[in-house]
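A.B. asks: Questions regarding the structure given below will be posed in turn.
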């Protein structure tokens, strides 16, 4: 509850003005803003896991704006300025999200056992086959595959995606 109150107090004005760029009626703006925060309330646990909630908040805002236009059967795609603004906002959110997750992945890579980390990086970044890695490390192909899959599973399970 405390986390959501902080999100609400920190972002309510930004969300309001963001929505106001795309929707004109004050009642409609308030309705959409309310829908955004209802959605964020429902998914507060996942929002807490996200280190930087801003990308989630504005992605939710974009979705709720689109829902508003859909519900009111307005032709959303006909206004190039709206489309360009939302695409730009989406691109910024995507870049921020990718950078945030790259930092998390790097941290998780450092937590892996050195051998598993080396096998994973050589396989995924240098495209070295399991067979070649097995020969170089005096392991079976199956052992290399298991180590790489275990490393990937660790990263996936500890990477909090929303």
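Residue numbers (my numbering): -1 to 160.
Backbone N, C-alpha and C define an ideal beta-carbon position, used for all residues, glycine too.
1. What's the gap between the Cα of residue 110 and the Cα of residue 133?
2. May I ask which residues mark the beginning and end of the alpha helix (DSSP H) holding residue 128?
3. Let me make sure I understand the geometry here. Which of 142, 138, 107 and 125 has the alpha-carbon closest to that of residue 156?
4. Kindly list the residues whose CB is nearer than 7 Å to the CB of residue 42, restricted to its own chain and excluding five residues on each side of it in sequence; keep chain order.
5. Excluding sequence positions up to five away, which residues of its chain have a Cβ less than 6 Å from the Cβ of residue 118?
6. Can the beta-carbon of residue 238 be found closer than 8 Å to that of residue 21?
7. Using 10 angstroms around the beta-carbon of residue 33, count the other beta-carbons present and answer buried if the total reaches 16, otherwise exposed.
8. Is the beta carbon of residue 5 less than 8 Å from the beta carbon of residue 51?
9. Given this structure, state the Cα-to-Cα distance separating residue 96 from residue 47, to the nearest angstrom.
10. Around the C-beta of residue 7, are 16 or more other C-beta atoms found within 10 angstroms, so that it is buried, or is it exposed?
11. Of the choices 136, 59 and 12, whose alpha-carbon is the least far from that of residue 113?
12. Using beta-carbon positions only, say whether residue 31 and residue 9 come within less than 8 Å of one another.
13. Using the Cβ count rule (16 or more neighbours within 10 Å means buried), how would you classify residue 58?
C.D. replies: This is what the structure holds:
1. 22 Å
2. 128 to 135
3. 107
4. 1 and 2
5. 146 and 149
6. Nothing about residue 238 can be reported from this structure: the residues present for the chain run from -1 to 160 only.
7. buried
8. yes
9. 16 Å
10. exposed
11. 136
12. no
13. buried
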